[in-house]
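Just below is one structure, and these are the notes that go with it.
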Amino acid sequence: MSIEELFYLHNQTIFKYLYYLLNDEKLAEDFTQETFIRYFKYEQTIKEGAELAWLRRTARNLAYDHYRRKKLIQFVPFLNQDVELEPSIPHTPHQWLIQQEEAKALYLAINKLKLAYRDVLILRKIECLSIQETCDVLGWNEGKVKNTLKRALLALKKQLGGELDEEV
Amino acid sequence: MKKYEESWQHLRKLNLSKQQQDKMLQHITAPTAIEFQPPKKSWKFSAVSMLFLAVLTVLILSILQEPTTPPLTTDTKKTITQVYARTNEDKETFIAKESCLNVPQQCFTNKQYLTNLQLQMEQAPTVTVSTEQWKASDYFSHEDVLIIYTDGTTQKWKVFSNDIFLNVQTQQAIQLERGFDALAYYYDHLRSRKLVIANIFLLLSHLSLWIAKKRMPHTERRFFAATVAHAIANAIMLLLFSSILFSIYLMNNTVHASIIFCLFALYSAMQIYYRKKAGEPRGYLIASAIVQLCFGLGFTFIYLTLNVHF
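Chain order of the listed sequences is A and B. Counting from 1, position 108 in the first sequence corresponds to residue 107 in numbering that gives the first Met the number 0; the numbering is continuous, with no gaps. Counting from 1, position 149 in the second sequence corresponds to residue 148 in numbering that gives the first Met the number 0; the numbering is continuous, with no gaps.
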């Protein structure tokens, strides 16, 4: 698979994952770019068929390293809601995202959760990965994924004022 | 209760525009020369590097120090105040030194022990020692025993077969009633207490590590090293420090405890420094410092148990 083909195949997935994890469009773009640069650097060592898993893990590591450097891993560094939601640059993914009121509320609620909860919610509910695929990306066991998802949904429900009815 | 299914769908549809994707791909496939230029860094000396250099300088200077030889006397009323013993198989050299801080050697300051040893030495009959006897006594290790008296004078004895004392200066030999190692064993009443304290510190280090991992699970796999660079630096430092200690040991037949403590403190400081630099959380830095401290204290007490008899 050529560089262009691989990029166009997976860049949206990686960007989406990073965007919801980092809450910063520019940073998500930069890290998506960095993920693919790393992929091409270590291409020879990556098994065929495992490209997306490798990209997801690298993206996750980049995001976690970013939080660790910023010392923000223990709490949620969410952006100031009022400032960030002002439509300064039109037609960006962020602007598109907040067009729907309910989706905006959900997005804001997710971003108020702690990083582990956000991570598992993105992978299971947005990326729609299976339990096993989530285990592979996060490096957790099945029990931990299920438990964390359960707690994440409870925390999300609390953030939404009790208005959520989701199953694990 | 809402299902929010439409909202999840909306979140799933988030996409980059074609223009954004093309721009990104362009950056990936055609990096500019500037991007690949390694950044030029000016020479900088961190506080830890300065500390490292300072400690190394002190160590080198301490190696160059000459040992002093105390005077001899024939005063008969003197009593023993301290005894230092060191295993030495070489008949020609005498390597025991006057300090409890010289590692590794036995240090005795227990009053009861010293009185008993003096009494035994005074009552011991004189014997003659041949070279064959010296060579044949290989069941017990040979010891160099340095005895310090109240008037500041010293006596150097070579002990073999566990009970024969040969005076290095006068070549006179005496045979004690009881074995030398038995004396040490019976008169250290604090031995078990020191061992318990040592174990408490070692358990504390494990406990603090466990608590740190429990509270900060995301750093679970990074306790030994914060980053790859840290792991490499760690390995280099351990190798360097052990080489320094081994070189000092080869040159002086002993290593002063202060040198070991200095190097360990420096190693611990560098551990914390690297972790801080790598952005580890404050709690983890504190846990790491506690672990280092507990290790240091634990091993100090183990050493005291085995070698220093108060």
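All residues carry an ideal CB built from backbone N, CA and C; glycine is no exception.
(request) Report the residues of the segment 3-28 of chain B with a CB closer than 8 angstroms to any CB of chain A, ordered along the chain. (result) Answer set for the segment 3-28 of chain B: 3, 5, 6, 7, 9, 10, 11, 13, 14, 15, 16, 19, 20, 23, 24, 26, 27 and 28.
(request) Rounded to whole angstroms, what's the CA-CA distance from residue 58 of chain A to residue 36 of chain A? Just pull it up for me. (result) Using only the alpha carbons, I get a separation of about 11 angstroms.
(request) Might you give, ordered along the chain, the residues of its own chain that have their beta carbon closer than 8 angstroms to the beta carbon of residue 141 of chain A, omitting 5 neighbours on each side? (result) Close CB contacts of residue 141 of chain A within its chain, under the 8 angstroms cut and outside five residues either way in sequence, are with 130, 131 and 134 (chain order).
(request) Report the neighbours of residue 3 of chain A on chain B: residues whose CB is nearer than 8 angstroms to its CB, in chain order. (result) Within 8 angstroms Cβ-Cβ: 24 and 28.
(request) Spatial neighbours of residue 119 of chain A within its chain, please: CB distance less than 8 angstroms, with the 5 preceding and 5 following residues excluded, ordered by chain position. (result) Around residue 119 of chain A: 133, 137, 144, 147, 148 and 151.
(request) Tell me, please, whether the CB atom of residue 42 of chain A is closer than 9 angstroms to any CB atom in chain B? (result) The C-beta of residue 42 of chain A comes no closer than 9 angstroms to any C-beta of chain B.
(request) Taking residue 209 of chain B as part of the alpha helix (DSSP H), name the residues at either end of that continuous run. (result) Run containing residue 209 of chain B: 190-214, per the alpha helix (DSSP H) assignment.
(request) On the DSSP bridge assignment, give the partners of residue 153 of chain B in chain order. (result) Note: residue 153 of chain B sits in a beta bridge opposite B:147.
(request) Output, in chain order, the set of chain B residues within a Cβ distance shorter than 7 angstroms of residue 16 of chain A. (result) Chain B residues near residue 16 of chain A: none, gap ~10 angstroms exceeds 7 angstroms.
(request) Could you check what DSSP says for residue 16 of chain A in three-state terms: helix, strand or coil? (result) The answer is helix: DSSP assigns residue 16 of chain A an H, G or I state.
(request) Measure the CB-CB distance between residue 152 of chain B and residue 145 of chain B and report whether it falls below 9 angstroms. (result) Contact: no.
(request) Figure out for me which residue from B:9, B:284, B:112 and B:89 has the closest Cα to the Cα of residue 214 of chain B. (result) Of the candidates B:9, B:284, B:112 and B:89, the residue whose Cα lies closest to the Cα of residue 214 of chain B is B:284.
(request) Put residue 141 of chain B into one of helix, strand or coil per three-state DSSP. (result) Taken through DSSP and simplified to helix, strand or coil, residue 141 of chain B comes out as coil.
(message) To the nearest angstrom, how far is the alpha carbon of residue 43 of chain A from that of residue 11 of chain A?
(response) Rounded to whole angstroms, residue 43 of chain A to residue 11 of chain A spans 23 angstroms at the Cα level.
(message) Can you look up residue 102 of chain B in the DSSP assignment and give me helix, strand or coil?
(response) In this structure, DSSP gives residue 102 of chain B an extended state, which the three-state scheme calls strand.
(message) Please identify, using Cβ separations under 7 angstroms, the residues of the segment 101-125 of chain A that lie next to chain B, in order along the chain.
(response) Near chain B, meaning a CB-to-CB distance below 7 angstroms, the residues of the segment 101-125 of chain A are 101, 102, 105, 106, 124 and 125.
(message) I'd like to check one pair, residue 51 of chain A with residue 9 of chain A: are the Cβ atoms closer than 9 angstroms?
(response) Between residue 9 of chain A and residue 51 of chain A, the C-beta gap is smaller than 9 angstroms, which places the two residues in contact.
(request) For residue 132 of chain A, decide whether its Cβ has a neighbour in chain B, counting only Cβ atoms nearer than 9 angstroms. (result) Closer than 9 angstroms: no.
(message) On the CB-based measure, 16 or more other CB atoms within 10 Å of its CB, does residue 19 of chain A come out buried or exposed?
(response) Residue 19 of chain A should be labelled buried.
(request) With DSSP collapsed to three states, give me the class of residue 261 of chain B. (result) Secondary structure of residue 261 of chain B (DSSP, three-state): helix.
(message) By the three-class DSSP mapping on this structure, what secondary structure does residue 274 of chain B have?
(response) Looking at residue 274 of chain B - three-state DSSP - the assignment turns out to be helix.
(request) Report the rounded CA-to-CA distance for residue 58 of chain B versus residue 258 of chain B, giving the unit in angstroms. (result) Distance between residue 58 of chain B and residue 258 of chain B, taken at the CA atoms: about 7 angstroms.
(message) Closer than 8 angstroms between beta carbons: that is the criterion. Which residues of the segment 30-62 of chain A meet it against chain B?
(response) With the criterion set as a beta carbon lying under 8 angstroms from some beta carbon of chain B, the members of the segment 30-62 of chain A are 31, 32, 35, 36 and 39, in sequence order.
(request) Put residue 85 of chain B into one of helix, strand or coil per three-state DSSP. (result) Residue state for residue 85 of chain B is assigned as strand, using DSSP reduced to three classes.
(message) Classify residue 23 of chain B: buried if its beta carbon has 16 or more other beta carbons within 10 angstroms, exposed otherwise.
(response) Taking a 10 Å sphere around the C-beta of residue 23 of chain B, we find 16 or more other C-beta atoms and assign the residue as buried.
(message) Please tell me whether residue 207 of chain B and residue 301 of chain B are closer than 9 angstroms, where the distance is taken between their beta carbons.
(response) Cβ distance not < 9 angstroms, so residue 207 of chain B and residue 301 of chain B don't count as in contact.
(request) May I ask you to report which of helix, strand or coil DSSP gives residue 136 of chain A? (result) Of the three classes helix, strand and coil, the one that applies to residue 136 of chain A here is helix, per DSSP.
(request) Would you check if the distance between the CB atom of residue 114 of chain B and the CB atom of residue 79 of chain B is smaller than 9 angstroms? (result) A Cβ-Cβ contact shorter than 9 angstroms links residue 114 of chain B with residue 79 of chain B.
(request) Flag residue 158 of chain A as yes if its beta-carbon sits less than 9 angstroms from any beta-carbon of chain B, otherwise no. (result) The beta carbon of residue 158 of chain A sits no closer than 9 angstroms to any beta carbon of chain B.
(request) Can you have a look at residue 307 of chain B and say buried or exposed, based on whether 16 or more other CB atoms are within 10 angstroms of its CB? (result) That one is buried.
(request) Return no unless some Cβ of chain B is closer than 9 angstroms to the Cβ of residue 22 of chain A. (result) No, no contact with chain B.
(message) So, under 8 angstroms CB-CB, residue 15 of chain A and residue 125 of chain A are touching, yes? Tell me the CB distance rounded to an integer number of Å.
(response) Contact flag correct, Cβ pair sits at about 7 angstroms.
(message) By the DSSP assignment, the beta strand (DSSP E) with residue 251 of chain B in it spans what residues?
(response) Residue 251 of chain B -> not in any beta strand (DSSP E); alpha helix (DSSP H) instead, spanning 227-251.
(request) Using beta-carbon positions only, say whether residue 228 of chain B and residue 67 of chain A come within less than 9 angstroms of one another. (result) No.
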